[in-house]
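Asker: Let me give you the structure first, and then I'll get to my questions.
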Amino acid sequence: MAQEEDGGSTDQKLDATAKTYDEAMDNLSSLITQKYRADVSNSGNNFNLMFDYVKILDLEEAISKMKIIHVAGTKGKGSTCTFTEAILRNCGFRTGLFTSPHLIDVRERFRLDGVDISEEKFLAYFWWCWDRLKEQCSDEIPMPNLFRFLALLGFKIFAAEQVDVAIMEVGLGGKFDATNVVQTPVVCGIASLGYDHTEILGDTLGLIAGEKAGIFKKGVPAFTVPQPDEAMEVLKEKASQLDIPLEVAHPLDGKLLKGLHLGLVGDHQYLNAGLAIKLCSTWLQRTGHLEPDSMDQNFIKGLTTAMLQGRAQIVPDPTLDIESYGELVFYLDGAHSPESMEVCAKWFSLAIKEDDRQQSCSSNQELDNSRTSEVPLSHGETTSKDSAQILLFNCMSVRDPQLLLSRLMKTCGSHGVSFNKALFVPNMSLVTKVASSSSLPSTISVDISWQLTLQRVWENMILGERGNTNNVDLVPIESKDHTEMSYKSCENSVVFSSLPLAIKWLRDAAKENRSVRLKVLVTGSLHLVGDVIKLLKK
């Protein structure tokens, strides 16, 4: 464990061993002040308290000396940070990466050299921060809320671990985000902007851009990607007020990867990669390191090996024996804004078409082999499987489901992809509880009125589009009567009272449809994606 700057040891391991991980999670849960994930403190509620917390934790000097890359944006900021971390790690630097939200375990938010912080280190730093804040907070300076505490913990971890570079992803907005206690970052970046958290950030792109540009600092270079005109005008204006250059990073030319592919899947990732390259090059230059060729081997290795859970991720169900049953494959993407939903739909459509193509090639090869083999295929045996697409969806009630689902349906439809069935479920990770990776998602009874609303939106959309879709060509999915498992079943959709019941229904359907390959798109919420990953791992 690294030494404190005052010479004292941070080996709070003795305390940590006496206090369990679950205790830490309970304490974190006590800091959740909002029913919904979006935190109204990002609208400026007592933001100056963050500087009080920094003083209490004696982090002022440490943060001022930290070589920070600060990134905001509506979509793509997590991917940009992931690419940036991977590039600089492959350049030989000790990296710290702070992102949000986590999918399974809160330790995912703090990565050291590309790896989630260990439980032992997490507990040591957690209790160090918790005990000091508990001791010194008061009515005038109350305990920070969850995200503010986690941001402070991130700064503490990166300072004590003496990282060379800290990549800090903004949680929400920018100007009043907890990460914006950073006064002297090395470089700032703003990823693609769109409509999200409008109840806090504003309902126009100009207002949203103004909040994101709150991370700009005088004398600090800033980069962004091509933006809608309304947003770009505001970004340029904010940069001009601070007398700093705002440079537009263009998408990476895939040819520069020399035949390799980006570690994160999707055409949109070339935009995020282009921004990451600019951030890394500027960081190297401003920290006194020789700036490499724009795409040397370290950059290429970082870009092609970067990994991020829950974004354009394909996971076959590990419980099914495909020799005996049909196949079940989950396509996971935490898209939750109209723009990201469109990107997700395009990725899913192209991914399943590529899978179908590979399956067809494999089947043709098996058929050719059987014709030259002395052992023919058994009567009725097939070497190929039909595919059926299923949507597993939830989103926060502050979002517009009509907008999200219509973007999804229309984009998939433009690629000739339709859904056989849509399943609507509540998230199992509770907004009032921070769970550990060892805890299963909650199965307590929850209000599903929102999921019934989602179902009505979907059914009305199907009815409205029926004349333009090929529903008659969809592969039928046989399944046992699921009236006991579901709350409400309609022709095109089912509402389940819990995610485990929906997963059970999918697995039963796979077992009963051996000739069908079920392809399940899980989207609308990163928390839903995280719950699915957790269940699949169990």
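Residue numbers (my numbering): 497 to 1034.
Quick reminder that beta carbons are idealized off the backbone N, C-alpha and C, glycines included.
1) Check whether the Cβ of CYS684 lies closer than 6 angstroms to any heavy atom of the ligand FAD, and answer yes or no.
2) Classify SER575: buried if its beta carbon has 16 or more other beta carbons within 10 angstroms, exposed otherwise.
3) With distances taken between CB atoms, is the gap from GLN885 to PHE915 smaller than 7 angstroms?
4) Distance cutoff 7 angstroms, beta carbons only. Does VAL678 sit that close to anything in chain C?
5) To the nearest whole angstrom, what separates the beta carbons of LEU689 and ALA745, a pair I think is in contact under 8 angstroms?
6) How would you label MET803, buried or exposed, when you count the other beta carbons within 10 angstroms and need 16 or more for buried?
7) What are the boundary residues of the alpha helix (DSSP H) that ALA727 is part of?
8) In this structure, does DSSP put PHE719 in helix, strand or coil?
9) Let me know the secondary structure DSSP gives TYR983 once reduced to three states.
10) If you reduce the DSSP assignment to three classes, tell me which class GLN809 lands in.
11) With H, G and I counted as helix, E and B as strand and the rest as coil, what does DSSP make of PRO872?
12) Counting along the chain, where does the alpha helix (DSSP H) carrying SER910 start and finish?
13) What's the gap between the Cα of THR473 and the Cα of MET664?
14) Given a threshold of 16 other Cβ atoms within 10 Å of its Cβ, counted over all protein chains shown, does ARG603 qualify as buried or as exposed?
15) Would you call the region 759-768 and the region 727-739 touching, i.e. three or more CB-CB distances under 8 angstroms?
16) Taking the continuous alpha helix (DSSP H) assigned at HIS1023, which residues delimit it?
17) Kindly indicate which three-state DSSP category VAL1016 falls into: helix, strand or coil?
18) Verify whether the separation of the beta carbon atoms of THR800 and LEU756 is less than 7 angstroms.
19) Can you give the Cα-Cα distance for MET837 and VAL894, rounded to whole angstroms?
20) Would you identify the three-state DSSP class for ASN966, choosing helix, strand or coil?
21) Tell me the start and end of each unbroken alpha helix (DSSP H) in the region 573-622 that is at least 4 residues and wholly inside, in chain order.
22) Measuring CB to CB, does VAL661 end up less than 7 angstroms from LYS754?
23) Using three-state DSSP, classify THR513 as helix, strand or coil.
24) Quick check on ALA656: does DSSP put it in helix, strand or coil?
25) According to DSSP, PHE712 sits in a beta bridge with which residue or residues?
26) Compare the Cα-Cα distances from THR516 to each of PRO597, TRP623, ARG590 and LEU599 and report the closest residue.
27) Is DSSP giving TYR827 helix, strand or coil here?
28) Since LEU1017 and LEU1002 are thought to touch, with beta carbons under 8 angstroms apart, how far apart are those beta carbons, to the nearest angstrom?
29) Count the other C-beta atoms from every protein chain shown that fall within 10 angstroms of the C-beta of GLY588, then say buried if there are 16 or more, exposed otherwise.
30) Report all residues from its chain with a CB closer than 6 angstroms to the CB of VAL1028; omit the five preceding and five following residues, and keep chain order.
31) Output needed for VAL871: all residues of its chain with C-beta closer than 6 angstroms, excluding positions within five of it in sequence on either side, in chain order.
32) Tell me whether GLY1035 is buried or exposed, calling it buried when 16 or more other Cβ atoms sit within 10 Å of its Cβ.
33) Tell me which residues share the same chain as THR578 and place their Cβ nearer than 6 angstroms to its Cβ, disregarding the 5 neighbours each side in the sequence.
34) What's the call for PRO722, buried or exposed, on a 16-neighbour Cβ count within 10 Å?
35) Tell me whether SER1011 is buried or exposed, calling it buried when 16 or more other Cβ atoms sit within 10 Å of its Cβ.
36) Given a threshold of 16 other Cβ atoms within 10 Å of its Cβ, counted over all protein chains shown, does GLU850 qualify as buried or as exposed?
Answerer: Working from what's here:
1) With respect to the ligand FAD, the structure shown offers nothing to examine, as it has no ligands at all.
2) One-based indexing of the sequence shown puts residue 575 at position 79. When all chains shown are included, SER575 counts as buried.
3) Within the sequence shown, the letter at position 389 stands for residue 885. Within the sequence shown, the letter at position 419 stands for residue 915. Yes.
4) As a matter of chain content, chain C is missing from the structure shown, which is built from one protein chain.
5) Within the sequence shown, residue 689 is the residue found at index 193, counting from 1. Within the sequence shown, residue 745 is the residue found at index 249, counting from 1. By a beta-carbon distance limit of 8 angstroms, LEU689 does not contact ALA745. Their separation comes to about 14 angstroms.
6) Numbered from its first residue, the sequence shown carries residue 803 at position 307. By the Cβ neighbour-count rule, MET803 is exposed, with fewer than 16 other Cβ atoms within 10 Å of its own.
7) Taking the first residue of the sequence shown as 1, we reach residue 727 at position 231. Where ALA727 is concerned, the enclosing alpha helix (DSSP H) stretches over 725-737.
8) Along the sequence shown, one-based indexing puts residue 719 at 223. In the three-state reduction of the DSSP assignment, PHE719 falls in the strand class, which pools E and B.
9) The count along the sequence shown starts at 1 and reaches residue 983 at position 487. Strand.
10) The residue given as residue 809 occupies position 313 in the sequence shown. In the three-state reduction of the DSSP assignment, GLN809 falls in the strand class.
11) Walking along the sequence shown from the start, residue 872 turns up at place 376. Confidence at PRO872 is low in this model, with a pLDDT of 40, below 50, so the placement of that residue should be treated as unreliable; the coordinate-derived value is given next. DSSP places PRO872 in the coil class of the three-state scheme, outside both helix and strand.
12) As a working note, residue 910 is residue 414 in the sequence shown. Where SER910 is concerned, the enclosing alpha helix (DSSP H) stretches over 897-910.
13) Outside the shown range of the chain, which is 497 to 1034, sits residue 473, and nothing can be said about it.
14) Your numbering for residue 603 matches position 107 in the sequence shown. ARG603 should be labelled buried.
15) The region 759-768 vs the region 727-739: no contact.
16) Along the sequence shown, one-based indexing puts residue 1023 at 527. 1022-1033 is the extent of the alpha helix (DSSP H) around HIS1023.
17) Sequence index remark: in the sequence shown, residue 1016 carries index 520 (1-based). Look at VAL1016 here: in three-state DSSP terms it is strand.
18) As a first step, residue 800 must be located in the sequence shown, where it is residue number 304. As a first step, residue 756 must be located in the sequence shown, where it is residue number 260. A contact, by the Cβ cut-off of 7 angstroms.
19) Here the question's residue 837 lines up with position 341 in the sequence shown. Here the question's residue 894 lines up with position 398 in the sequence shown. Roughly 16 angstroms between the two C-alpha positions.
20) Within the sequence shown, the letter at position 470 stands for residue 966. With a pLDDT of only 46 at ASN966, under 50, the local geometry of the prediction cannot be trusted, and the value read off the model is given with reservation. Coil at ASN966, not helix or strand.
21) At a cut-off of 4 residues, the continuous stretches assigned as alpha helix (DSSP H) that sit fully inside the region 573-622 are 573-586.
22) Residue mapping note: residue 661 aligns to position 165 of the sequence shown, counting from 1. Residue mapping note: residue 754 aligns to position 258 of the sequence shown, counting from 1. No, the pair does not count as a contact, with Cβ atoms beyond the cut-off.
23) Counting from 1 along the sequence shown, the entry for residue 513 is found at position 17. For THR513, the pLDDT reaches just 45, beneath the cut-off of 50, and the residue's location in the model is therefore unreliable, although a value from the coordinates is still provided. It is helical.
24) On the sequence shown, residue 656 is found 160 positions in, with the first residue counted as 1. Three-state result, ALA656: helix.
25) Counted from its first residue, the sequence shown places residue 712 at position 216. Paired residue(s): none; PHE712 is not in a bridge.
26) Start at 1 with the first residue of the sequence shown, and residue 516 comes out as number 20. Comparing Cα-Cα distances from THR516 to each of PRO597, TRP623, ARG590 and LEU599, the minimum goes to TRP623.
27) Walking along the sequence shown from the start, residue 827 turns up at place 331. Looking at TYR827 - three-state DSSP - the assignment turns out to be strand.
28) Taking the sequence shown and counting its residues from 1, one reaches residue 1017 at position 521. Taking the sequence shown and counting its residues from 1, one reaches residue 1002 at position 506. That pair is no contact at about 12 angstroms.
29) As a first step, residue 588 must be located in the sequence shown, where it is residue number 92. Counting Cβ neighbours within 10 Å, GLY588 comes out exposed, since fewer than 16 surround it.
30) The sequence position of residue 1028 within the sequence shown is 532, counting from 1. If we look at VAL1028 and ignore the five residues flanking it on each side, its Cβ neighbours are VAL1018.
31) By one-based count along the sequence shown, residue 871 stands at place 375. Bear in mind that the predicted position of VAL871 carries a pLDDT of just 39, short of 50, making it too unreliable to give a figure here.
32) Residue 1035 lies beyond the range of the chain shown here (497 to 1034); nothing can be said about it.
33) By 1-based counting over the sequence shown, the position of residue 578 is 82. Around THR578: ALA802 and LEU804.
34) In the sequence shown, residue 722 corresponds to position 226, counting from 1. Of the other Cβ atoms in all chains shown, fewer than 16 fall within 10 Å of the Cβ of PRO722; this residue is therefore exposed.
35) Position 515 of the sequence shown, counted from the start, is the residue given in the question as residue 1011. It counts as exposed.
36) Position 354 of the sequence shown, counted from the first residue, corresponds to residue 850. Answer is exposed; the Cβ neighbour count stays below 16.
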